[in-house]
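Visitor: Would you mind keeping the following structure in view while I ask a few things?
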Amino acid sequence: MKKVKLIRMALSHFKGIQSFETTFNGRTRIFGENATGKTTLVDAFTWLLFGKDSTGRKDFSIKTYDSDNNVIHKMDHEVTGMFDVDGDEITLRRVYKEKWVTRRGSQETELQGHETLFYWNDVPLSAGEYQSKVDEIITEQAFRMITSPWYFNSLKWQDRREILTSIAGDVSDKDIATKRLDFSALFNDMGKKSLEEYKKELAAKKKKLKKELDEIPARIDEVTRNTPEAKDWASIEAKIKTLESEIKSIDEQIADSSKANESFLTQKKERQDRIHQLKTRISDFEFEGRKTFSKAMQEKQDAIESAKAEIEKINRKVKNDIAEIEELQQRIKSYEEKQAKLRDEWIKINSQEFPGYGDDKNFACPTCKQALPEDEIELKKTMMKANFNNNKESQLSNISGQGKSLNPIIDNLKNQIKELESYDYDAQVAAHEKVMEEWEQKHLVSVAEILAGNVDYQRMKKELEEFEKQPVEEEASEVDNSELKSKKAGLNVNVDNLKKELSAKEQIESSNKRKSELLRQEEEYAKQMAEIEQTEFTIQEFDRTKASSLESKINEMFDGVNFRLFKIQLNGGLDDCCDTLINGVPWSDANNAAKINAGISIINVLSDHYGQIAPIWIDNAESITRIQKSNAQIIELYVSEAHKNLEVKVA
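Note that the numbering used here numbers the sequence shown so that position 60 is 598, with each residue one more than the last.
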């Protein structure tokens, strides 16, 4: 474990501090009222090591200014620090100076530029050599992590999560899968796919199944509406048999009454049988023609109704998208109004001028009440004005940061609107309307056209017409069978009508078969949907178990602070996050003292992980009654109205 301690630090002409030197030993407390230079000490410390201020800025002013806010030239600005690194004393010095030259033929010197000088134990080094040796002691990233209680929680949540996971070690899917049988079964089903790939695959299947399930009730309703009304088929078939039996009986009676001319009767019967056969076959052909036409008509109606249903779905989607776009536009308006308020606040603060130096009491000795020397008065005025400008700059920077942070949110909302507006629903509706129009204009071959193209039907029709044109010969005998024949003709008409009614039975059976098939599909789809939802539930349970294990593993390492790495969504799923909790309170809602102590607790763990300990600077230490224990050197900065100048107390 590498341990770095700050022993001594000296400043010369650095950010308004003309000269300051102090030693650090044991507990170091630095007191001063606002704008006396406490933060400047931290800036000097980080500039000495990395050439940046305490906020990480390279481009910041370290020069001394006069009362008119003009740079006082020909001053060297430097910081010296003595460190104890694992028992070895090391002195670092960084000097920022102006380069002045005298042009040929001129007695005036001109400012040519600036240079920074680097010293390691008083040995001059180049910038690269100096920084390389500093990095050997501690890298900048690790330094900021383990010296500022605030730094870790200023990082993006993704970076915080990555650091915590690298310290604790991630929890593998394989380890979690062995904890429950349903988890093991889940990973067996996944095969070589990743969990995220498997989730997407399940979502796609579920979407397809839902679409099929949503369409089945409409299909069943359509089949039902086009199904003929059922009748007493057994009764109709029984009537046909009864009538055919009566016709047979009449034929027998006629045959019995005409035995005298048996040959004549035989020929007559053959003729009647053929006519009956022709009528039966013709009736069958007509039935098949009606059946073919009905099927084509049903196909047309199904296609048109399906297109109508799709158009209705698209129209509902359009309404939903319009509502969503309006909501997104309201949110954009809200954020833009907030930016406008921040812009007004920025203009207001930017317009503020330095209020002046106050009365002469500000420039009198606090002990003897006599006026300070002129040079000290000028120095104090310079510091007062510089502090005013620094505070103003800090406020403007904070407001600008808030305003800029809303830009990506607004851009994201606008992109969502753009995506919703990009859908070409009119083209989709037009495509379905085109389908409807094509089907509505499509010519269906009529029953007459079907029969006209049937060679056998036309041949039998012609043959029947020929039979019907032939004169019916009188009976050879004088027996009058006209009444029997008339009765038989009526019975044949009734049989034909009943057979036409019976033809609807087959259509009903076909419709019932189709409805049974649709119901079977619905049951199968519902079963598959239930299986997918069960698998999704198992995945949620797995994610929740893994999240809990990872959180527990990380939180066991910390004292007084916990981390929430996942948030549960309304649908039971998990969202990645990295929220710092102090006794259950989110970091952003905790008080200053709790944040500082939590930050020190985090530093203790990070120091163990990086194998490095460095001084911890605690600003606003007056807000803390008990400081978290740490193996690191702690330097406390206190705001104190009683201390007009910086005062260092070492215990």
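Just so it is clear, CB atoms sit at the ideal spot from N, CA and C, and this is done for glycine as well.
#1: Could you pull out every residue in the same chain whose Cβ sits closer than 8 Å to the Cβ of F831, ignoring the five residues on either side in sequence?
#2: Name the residue from I1156, L1036 and K553 whose alpha carbon lies nearest to the alpha carbon of E782.
#3: With a threshold of 6 Å on Cβ separation, who are the neighbours of T560 within its own chain once the five nearest residues in sequence on each side are excluded?
#4: Need the endpoints of the alpha helix (DSSP H) that I1092 sits in, please.
#5: Looking at the secondary structure, which residues open and close the beta strand (DSSP E) in which L544 lies?
#6: May I ask you to verify whether the stretch 1170-1180 touches the stretch 566-576, counting CB pairs closer than 8 Å and requiring at least 3?
#7: Can you say whether L816 is buried or exposed, counting buried as having 16 or more other CB atoms within 10 angstroms of its CB?
#8: Tell me which residue opens and which closes the beta strand (DSSP E) that H652 is part of.
#9: Which value, in whole angstroms, describes the spacing of the CA atoms of L944 and Q556?
#10: So, for V856: in the same chain, excluding its five sequence neighbours on each side, which residues have a beta-carbon less than 7 Å away from its beta-carbon?
#11: Is the separation between the beta-carbon of I545 and that of F562 shorter than 8 Å?
#12: Give the secondary structure of R682 by DSSP, where H, G and I count as helix, E and B as strand, and everything else as coil.
#13: Leaving out the 5 sequence neighbours to the left and right, which residues in its chain are closer than 6 Å to A1042 when beta-carbon positions are compared?
#14: DSSP beta-bridge partners for N570?
#15: W529 lies in the alpha helix (DSSP H); which residues open and close that run?
#16: By a C-beta neighbour count over all protein chains shown, 10 Å radius and 16 as the cutoff for buried, is A1136 buried or exposed?
#17: The alpha helix (DSSP H) with V983 in it runs from where to where?
#18: Report yes or no: do the stretch 610-617 and the stretch 630-638 share at least 3 C-beta pairs separated by less than 8 Å?
#19: Once the 5 residues before and after D581 are set aside, which same chain residues still bring their CB inside 7 Å of it?
#20: On the DSSP letters alone, give me the boundaries of the alpha helix (DSSP H) that P755 sits inside.
#21: Assuming contact is defined by CB atoms lying nearer than 8 Å, are F583 and E678 in contact in what I supplied?
#22: If we ignore side chains and look at the alpha-carbon of each, how far apart do D604 and I885 end up?
#23: On the three-state DSSP scale, how would you describe L1103?
#24: Suppose the cutoff is 8 Å on Cβ atoms and the five residues either side in sequence are ignored; what does the same chain contact list for S664 look like?
#25: Please tell me whether A1128 and I1162 are closer than 8 Å, where the distance is taken between their beta carbons.
#26: Any contact between the stretch 1061-1070 and the stretch 742-749? By contact I mean 3 or more CB pairs, one from each, below 8 Å.
#27: On the three-pair Cβ rule with 8 Å, is the stretch 903-911 touching the stretch 825-845?
#28: What three-state label does DSSP hand D673 in the structure shown?
#29: If contact is defined by three or more beta carbon pairs under 8 Å, each pair taking one atom from either stretch, is the stretch 951-958 in contact with the stretch 633-644?
#30: Write down the C-beta distance between F1101 and L1112 rounded to the nearest angstrom, noting that I regard them as a contact closer than 8 Å.
#31: Taking the straight line between their C-alpha atoms, what separation do you get for S732 and D711?
#32: Just the Cα atoms here: how many angstroms apart are N928 and N900?
#33: Given this structure, state the Cα-to-Cα distance separating I860 from Q867, to the nearest angstrom.
#34: Measure the alpha-carbon distance for G939 versus K1133 and round it to whole angstroms.
Guide: Reading it off the structure:
#1: L982, V983, S984, V985 and I988
#2: L1036
#3: V1186
#4: S1020 to N1093
#5: K540 to F552
#6: yes
#7: buried
#8: T647 to W658
#9: 41 Å
#10: Y963
#11: yes
#12: helix
#13: P766
#14: Reading off the sequence, residue 570 comes out as Gly, not Asn. Paired residue(s): V1177.
#15: Absent from the structure is residue 529, since the part of the chain shown begins at 539 and ends at 1189.
#16: buried
#17: Looking at the DSSP string, V983 is not in any alpha helix (DSSP H), and its letter there is neither H nor E.
#18: yes
#19: K553, D591 and S592
#20: L733 to R763
#21: no
#22: 27 Å
#23: strand
#24: F656
#25: no
#26: yes
#27: no
#28: helix
#29: no
#30: About 15 Å; that fails the 8 Å criterion.
#31: 10 Å
#32: 20 Å
#33: 10 Å
#34: 22 Å
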